[in-house]
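Heads up: the structure comes next, in structure tokens.
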Amino acid sequence: MNYRNKKTIEDIDVNGKKVLVRCDFNVPLADGVITDDKRIRESIPTIKYLADHGARVILCSHLGRPKDEESKKKCTLAPVAKRLGELMGREVKFTTDIIGDEAHAMADALKPGEIMVIENVRFYKEETKNDPDFAKALASLADIYVNDAFGTAHRAHASTAGVADYLPAVCGYLIQKEITIMGDALANPKRPFVAILGGAKVSDKIGVITNLIDKVDTLIIGGGMAYTFLAAKGYAVGKSLLDESKIDYCKDMMAKAEAKGVKLLLPVDVVVADSFPDPIDGPIDVTTVDAAAIPADKEGLDIGEKTCALFASAVKDAKTVVWNGPMGVFENPTLAKGTIAMAQALADSSATTIVGGGDSAAACEQLGFADKITHISTGGGASLEFLEGLELPGIACLEDK
Ligand code: ADP
Ligand code: MG
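The sequence shown begins at 2 in my numbering and counts up one residue at a time.
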């Protein structure tokens, strides 16, 4: 799939048309109050473009995981519609209906430039099953479909992919930005191209490692998964996270890197403790040891200072950097130093810097580096699948130019 080639809202005539937009309004709520409206704010450029160009805008999304009638009450999109109206300074209508008469009546009555939100599409179990009848019913609300929910683009659900079988389908600005920046980095990177991978388990990142090793000049491995690589090198790793079934895979990847001339950087020193912090952000006594000399009774929980400097120097020379996965147990301030050092290295770099993955993105935001990074992906699972080189159904279903 050529990600560069997807039609966007600017490639079609939306004037007077009913446009169904799949947004990512999956915001955090506490007692019915939105605690972070970032996702709503980010959806506005697409909605505003459509409304300003005379579209009759129908917004849909999922929110949470509604199962029964009780949990549905907590997953209503009513507060989202209200907040969107406040943020845009325009009326945003809301219906508790989804595909019934009331939703149709409201949609049909929309004037050009008017905006409405239908209720949470996951109130129908058919949504996540990508049921064709449900997708067709959703599609019948509108003339055009716009997907702007990158966070669910790796799911083939009715509102993220199925509707595209029945309507002309294009992407909004949020998806366009994600696929342009990440697509270019993978397909045509400015070199040197450096990937930094971390996080907990090798097994979670096999697809990413396998895809990136063919594309990068330098592959940096930190986080919990570094210990399986260190074990593959023959080092003892004490009580650190170790995925024994993946040692051979790590050996294969090291051999492949060698054969391809890809520089593979592993930690040279690590921060260890007697055990995993409990609670995760509680006080902890740590020492730094050589990566080749991890004591049998210690657990590696972050990269050490020498490793931070080594990794940062590789980032310094890069023109493209992709980062997925924290370097240590960053939830604990004592064990966040490696992750902070990498965020700082990306922030200081003039390269195109991209962060994908839920926890890595959260770490960059929490640590205050978001403004200095070229692109922090809005989709955790979706960005991982993108980095794995997989075809995302929510994007594959959109029309080519
Ligand atoms: P992402 O969501 O960015 O893809 P992951 O979900 O793969 O990242 O990994 C994030 C988790 O990895 C964090 O909760 C962090 O505490 C954990 N982690 C990082 N380093 C270690 C380590 N050395 N030992 C155990 N867990 C680790
Ligand atoms: Mg994660």
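Note that CB positions come from ideal geometry on N, CA and C, so glycine has one too. Since this is a predicted model, take the numbers as computed values, not measurements.
Euclidean distance between Cα positions of residue i and residue j
| i | j | result |
| --- | --- | --- |
| Ala-297 | Ala-237 | 7 Å |
| Pro-113 | Ile-41 | 21 Å |
| Val-269 | Ser-351 | 26 Å |
| Gly-283 | Leu-399 | 47 Å |
| Gly-382 | Glu-115 | 33 Å |
| Asp-166 | Arg-156 | 15 Å |
| Gly-369 | Gln-345 | 10 Å |
| Arg-192 | Gly-339 | 24 Å |
| Lys-402 | Leu-267 | 42 Å |
| Thr-321 | Ala-201 | 24 Å |
| Met-117 | Met-107 | 8 Å |
| Lys-206 | Glu-103 | 45 Å |
| Ala-140 | Tyr-146 | 8 Å |
| Val-209 | Ile-222 | 12 Å |
| Pro-67 | Asn-121 | 9 Å |
| Glu-71 | Tyr-125 | 14 Å |
| Glu-306 | Ser-160 | 47 Å |
Which of helix, strand or coil DSSP assigns to residue i
| i | result |
| --- | --- |
| Arg-57 | strand |
| Tyr-250 | helix |
| Leu-266 | strand |
| Lys-94 | strand |
| Leu-21 | strand |
| Val-209 | helix |
| Thr-335 | helix |
| Asp-401 | strand |
| Lys-7 | strand |
| Thr-229 | helix |
| Val-403 | A question about residue 403 goes unanswered here, because the residues of the chain that appear run from 2 up to 402. |
| Ala-274 | strand |
| Val-195 | strand |
| Leu-220 | strand |
| Ile-214 | coil |
| Ile-13 | coil |
Residue from the options with nearest C-alpha to residue i
| i | options | result |
| --- | --- | --- |
| Gly-65 | Val-58, Thr-77, Thr-96, Ile-59 | Thr-77 |
| Ile-176 | Cys-365, Ile-45, Ala-348 | Ile-45 |
| Val-203 | Arg-192, Asp-218, Ser-246, Thr-181 | Ser-246 |
| Lys-49 | Asp-32, Thr-36, Val-20 | Val-20 |
| Asp-12 | Glu-103, Val-171, Ala-106 | Val-171 |
| Lys-8 | Asn-131, Asp-134, Gly-101, Asp-149 | Asp-149 |
| Ala-79 | Pro-67, Ala-136, Lys-94 | Lys-94 |
| Ser-378 | Ala-371, Gly-357, Gly-173, Ile-180 | Gly-357 |
| Thr-129 | Lys-402, Gly-395, Asp-401 | Gly-395 |
| Gly-301 | Phe-370, Ala-310, Tyr-228, Lys-257 | Tyr-228 |
| Leu-111 | Met-183, Leu-142, Thr-161 | Leu-142 |
| Val-28 | Gly-390, Gly-380, Leu-385, Leu-388 | Gly-380 |
| Asn-6 | Lys-178, Leu-242, Ala-106, Gly-17 | Lys-178 |
| Lys-18 | Asp-109, Thr-353, Met-2, Ile-374 | Asp-109 |
| Ala-348 | Ala-337, Asp-372, Asn-333, Ile-119 | Asp-372 |
| Leu-385 | Ser-72, Ala-136, Ile-180 | Ile-180 |
| Gly-199 | Asp-14, Phe-331, His-54 | Phe-331 |
| Val-272 | Ala-315, Thr-288, Asp-279 | Thr-288 |
| Ile-1 | Asn-189, Gly-326, Leu-391 | Look at the range of the chain in this structure, 2 to 402, and you will see that residue 1 is not part of it. |
Heavy atom of the ligand MG within 7 Å of residue i beta-carbon
| i | result |
| --- | --- |
| Gly-163 | no |
| Gly-381 | yes |
| Asp-244 | no |
| Gly-359 | yes |
Any non-hydrogen atom of the ligand ADP within 7 Å of residue i CB
| i | result |
| --- | --- |
| Val-322 | no |
| Ala-346 | no |
| Val-330 | yes |
| Gly-101 | no |
| Ala-233 | no |
| Ala-274 | no |
| Gly-326 | yes |
| Ala-404 | Residue coverage of the chain in this structure runs from 2 to 402, which leaves residue 404 outside it and unanswerable. |
| Asp-98 | no |
| Gly-239 | no |
| Asp-279 | no |
| Gly-225 | yes |
| Asp-291 | no |
| Leu-1 | Here the chain comprises residues numbered 2 to 402, so residue 1 is not present and cannot be evaluated. |
| Leu-267 | no |
| Gly-390 | no |
| Asp-205 | yes |
| Leu-213 | no |
| Leu-85 | no |
| Gly-301 | yes |
> Hey, which unbroken runs of the alpha helix (DSSP H) at 4 residues or more fall wholly within the region 109-193?
Replying inline: 133-140, 174-188
> If you scan the region 27-91 from start to end, which runs of the beta strand (DSSP E) of 3 or more residues do you find wholly inside it?
Replying inline: 57-61
> Considering only residues of the region 285-328, which uninterrupted alpha helix (DSSP H) runs meet the minimum length of 4 residues and lie entirely inside it, listed in chain order?
Replying inline: 306-317
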